[in-house]
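Enquirer:
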Amino acid sequence: MTPPTPNACWAAVSSPRRPLLPEVSAETLALAARHGLPVEMLYLRDAYPRERWAEPGLDQTAAFWLQMHGSFRGHQGHMDGLVSQWRAGGDIRALHRQLIPALQSFLQHLDGHHRIESGQYFPAMRKIEPKIARGIDLLDRDHGAIHHTLETLFQSGMAFHQAISANAPDAADRAARLGDAIDAGAEPLLRHLEDEEDIVIPLIQLRGFQH
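Below you can see the structure in the form of structure tokens.
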């Protein structure tokens with residue numbers, strides 16, 4: 561398995577961090593704690609609400625963004641399903657055979673997507689719509705939090721793979737730990753995807769984003 565980009569590399573591609581909005585605490589806005597974006601970051605979505613995104617005329621970049629996010633949700637759901645089957649009494653080698661390639665694909669695609677966003681798209685979006693810069697910064701910070709999850713998933717996946725390959729007696733424990741890591745990462749990822757869409761999709765549609 562290929563590990564996610566090390567944190568040092570992320571620092572090179574991510575844009576400089578700005579202070580959080582003074583009226584909202586860092587704890588409230590943290591990815592693991594929040595239940596949506598604060599109202600001051602939703603003015604673009606209010607101008608171009610979700611119910612309009614399925615209408616004809618959606619910008620191609622916005623449509624591709626939604627397609628990518630849909631694939632990440634699909635990857636997460638697929639892994640959830642494989643783990644659930646194993647927990648219900650499925651064969652551990654079947655889990656290994658299906659889950660490790662799925663996890664590898666998930667890690668590679670999500671890590672690459674975030675690096676492009678943080679290194680290319682987000683800086684351009686701050687210039688196009690300075691008013692939403694704090695929201696973009698929040699999404700960028702999310703990437704750092706998710707990156708830690710990807711590292712945990714990689715390490716857990718490697719441990720499970722090595723245990724199966726060596727016929728180790730702790731293979732089931734390694735599988736359980738990987739399943740727990742997949743569970744733990746799901747809710748923050750889905751929260752981030754939804755919040756990112758609430759900023760990025762209307763910004764692209766309303767401001768004529770060119771990358």
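Following the working numbering, the residues of the sequence shown are numbered contiguously, the last one being 771.
Every residue, glycine too, gets a C-beta built ideally from N, C-alpha and C.
Keep in mind the model is a prediction, meaning the values are calculated, not measured.
Which full runs of the alpha helix (DSSP H) of 4+ residues lie inside the segment 643-693, going along the chain?
Expert: 652-676, 682-688
Enquirer: What does the Cβ neighbour count give for glutamine 620, buried or exposed, with the cut at 16 atoms within 10 Å?
Expert: The count along the sequence shown starts at 1 and reaches residue 620 at position 60. Exposed, since its Cβ has fewer than 16 Cβ neighbours within 10 Å.
Enquirer: Between proline 748 and proline 729, what straight-line distance do the alpha-carbon atoms span, to the nearest angstrom?
Expert: Your numbering for residue 748 matches position 188 in the sequence shown. Your numbering for residue 729 matches position 169 in the sequence shown. As the crow flies, the alpha-carbon of proline 748 is around 32 Å from that of proline 729.
Enquirer: CB-CB under 7 Å to alanine 723, same chain, minus the five flanking residues each way: which ones, in chain order?
Expert: Numbered from 1 along the sequence shown, position 163 holds the residue referred to as residue 723. Excluding sequence neighbours, alanine 723 sits near Asp730, Ala731, Arg734.
Enquirer: Given a threshold of 16 other Cβ atoms within 10 Å of its Cβ, counted over all protein chains shown, does histidine 708 qualify as buried or as exposed?
Expert: The sequence position of residue 708 within the sequence shown is 148, counting from 1. Answer is exposed; the Cβ neighbour count stays below 16.
Enquirer: Going straight from the alpha carbon of phenylalanine 624 to that of isoleucine 676, what length do you get?
Expert: If you number the sequence shown from 1, residue 624 lands on position 64. If you number the sequence shown from 1, residue 676 lands on position 116. When rounded, the distance between both Cα atoms is 14 Å.
Enquirer: Which residue from His674, Asp671, Ile688, Ala736 puts its Cα closest to that of glycine 649?
Expert: For the purposes of this step, residue 649 is taken as residue 89 along the sequence shown, with counting starting at 1. Checking every option, the nearest Cα to that of glycine 649 belongs to Ala736.
Enquirer: Determine the contact status of proline 762 and leucine 604, defining contact as a CB-CB distance below 8 Å.
Expert: To locate residue 762, count along the sequence shown from 1; it is residue 202. To locate residue 604, count along the sequence shown from 1; it is residue 44. Contact flag set, yes.
Enquirer: Look up arginine 767 in the DSSP assignment and say whether it is helix, strand or coil.
Expert: Stepping through the sequence shown from its first residue, residue 767 is reached at position 207. Of the three classes helix, strand and coil, the one that applies to arginine 767 here is helix, per DSSP.
Enquirer: Locate the alpha helix (DSSP H) running through alanine 590, then write down its first and last residues.
Expert: Start at 1 with the first residue of the sequence shown, and residue 590 comes out as number 30. Where alanine 590 is concerned, there is no enclosing alpha helix (DSSP H), given that its DSSP letter is neither H nor E.
Enquirer: Less than 8 Å separating the beta-carbons of methionine 685 and phenylalanine 632?
Expert: Position 125 of the sequence shown, counting from 1, holds the residue named residue 685. Position 72 of the sequence shown, counting from 1, holds the residue named residue 632. Contact: no.
Enquirer: Could you give the DSSP three-state label for histidine 752: helix, strand or coil?
Expert: Position 192 of the sequence shown holds residue 752. Histidine 752 falls in the helix class under three-state DSSP.
Enquirer: Could you check whether alanine 662 and methionine 628 sit closer than 8 Å to each other, using their CB atoms as the reference points?
Expert: Along the sequence shown, one-based indexing puts residue 628 at 68. Along the sequence shown, one-based indexing puts residue 662 at 102. Not closer than 8 Å, so no.
Enquirer: Measuring straight from C-alpha to C-alpha, what distance separates serine 644 and arginine 767?
Expert: Your numbering for residue 644 matches position 84 in the sequence shown. Your numbering for residue 767 matches position 207 in the sequence shown. Going from the Cα of serine 644 to the Cα of arginine 767 covers about 43 Å.
Enquirer: Using DSSP with H/G/I as helix, E/B as strand and the rest coil, what is proline 762?
Expert: Your numbering for residue 762 matches position 202 in the sequence shown. The answer is helix: DSSP assigns proline 762 an H, G or I state.
Enquirer: In three-state terms, what does DSSP make of tryptophan 613?
Expert: Within the sequence shown, the letter at position 53 stands for residue 613. It is coil, neither helix nor strand.
Enquirer: Do you know whose CA, among Gly596, Ala654, Leu659, lies nearest glutamine 551's CA?
Expert: Within the shown structure, residues of the chain are numbered from 561 to 771, placing residue 551 beyond reach of any answer.
Enquirer: May I have the straight-line CA-CA distance separating phenylalanine 682 from glutamate 711, to the nearest angstrom?
Expert: For the purposes of this step, residue 682 is taken as residue 122 along the sequence shown, with counting starting at 1. For the purposes of this step, residue 711 is taken as residue 151 along the sequence shown, with counting starting at 1. So the alpha carbons of these two residues sit roughly 23 Å apart.
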